[in-house]
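In the working numbering, the protein residues as written are 1 to 255.
A short worksheet on the structure shown next.
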């Protein structure tokens, strides 16, 4: 008998840790003059030696923040990958060991102004102990055991030219989901680059919910954010949108 177990690759975009890998920063942004180089550090948090492949991939962001891989650029969202060099492309790390990946932006004199986005994907490669077969004497077949492999990705953005971004609160409401209060907030984006922000929910002066460091990319006109609340608002509830790039409060609305 042949038993198959799927080999899972888990991606977490824009986050610091998942499974056997942790990394920083949350994202990497490169500019035209200052900041043309950057670096990403990741760590093997497993208990065994791991080999990692480091590539650039491209995603489309949906309104709920999920990502789907794409092969062709979407209007207003050119890929950064063709303008990037990074090293190393592969690394083998012992448990607890870290690796720095250095990234450099190539010349873009002939490229149109815009925000160029790709994602750096750091993915485990299977080792000798990750894929193996054993004989099943009782059933007269081969059992194939596949262990899950993990990968993490962060956005790498090139800001080329004079760009701007803005956002506004389109809709905000409080609902109960599985018996718990949640603020559902729709944020729409405008401008020539992605928006980087935070949303704070208050009941009077008391903060009852917050989501920080979310990004709306150029592939996405708007995001719908689900913000868990510590309590159901009792009276004067409001939601505030903050631009994290400028630390400016853009808008406050009652819920």
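All C-beta atoms in this analysis are idealised placements derived from N, C-alpha and C, irrespective of residue type, glycine included.
Just so we're clear, the structure is a prediction, and the values are computed from it rather than from any experiment.
- The C-beta distance from residue 92 to residue 49 rounds to 6 angstroms, short enough to fall under 8 angstroms.
- Residue environment: residue 38 is assigned as buried (16 or more neighbouring CB atoms within 10 Å of its CB, all protein chains considered).
- Put simply, of 62, 155, 229 the residue whose alpha carbon is nearest the alpha carbon of residue 117 is 155.
- For residue 203, DSSP records a beta bridge to 206, 237.
- When DSSP states are grouped into helix, strand and coil, residue 179 belongs to the coil group.
- In this structure, residue 157 sits near residue 29, with a CB-CB distance shorter than 8 angstroms.
- Taken through DSSP and simplified to helix, strand or coil, residue 82 comes out as helix.
- Assignment of residue 157 by DSSP, reduced to helix, strand and coil, places it in the strand class.
- Taking C-beta atoms as the reference points, residue 43 and residue 87 fail to come closer than 8 angstroms.
- Going by C-alpha positions, residue 45 is about 42 angstroms away from residue 255.
- Secondary structure of residue 111 (DSSP, three-state): coil.
- By the C-beta criterion, the stretch 232-246 is judged to be in contact with the stretch 164-181, since at least 3 inter-stretch pairs fall below 8 angstroms.
- Looking from the CA of residue 220, the closest CA among 212, 190, 248, 164 belongs to 190.
- The Cβ atoms of residue 188 and residue 163 lie no closer than 8 angstroms to each other.
- A buried status is given to residue 115, since no fewer than 16 other beta-carbon atoms sit within 10 Å of its beta-carbon.
- DSSP, read as helix, strand or coil, puts residue 64 in coil.
- For residue 63, the closest of 112, 237, 217, 247 by C-alpha to C-alpha distance is 217.
- One alpha carbon belongs to residue 57, the other to residue 84, and they sit about 12 angstroms apart.
- Going by C-alpha positions, residue 90 is about 22 angstroms away from residue 59.
- By the Cβ neighbour-count rule, residue 208 is buried, with 16 or more other Cβ atoms within 10 Å of its own.
- As computed with DSSP, residue 248 is found in a beta bridge with 243.
- DSSP places residue 75 outside both helix and strand once states are collapsed to three, so it counts as coil.
- For residue 42, the uninterrupted beta strand (DSSP E) segment begins and ends at 37-44.
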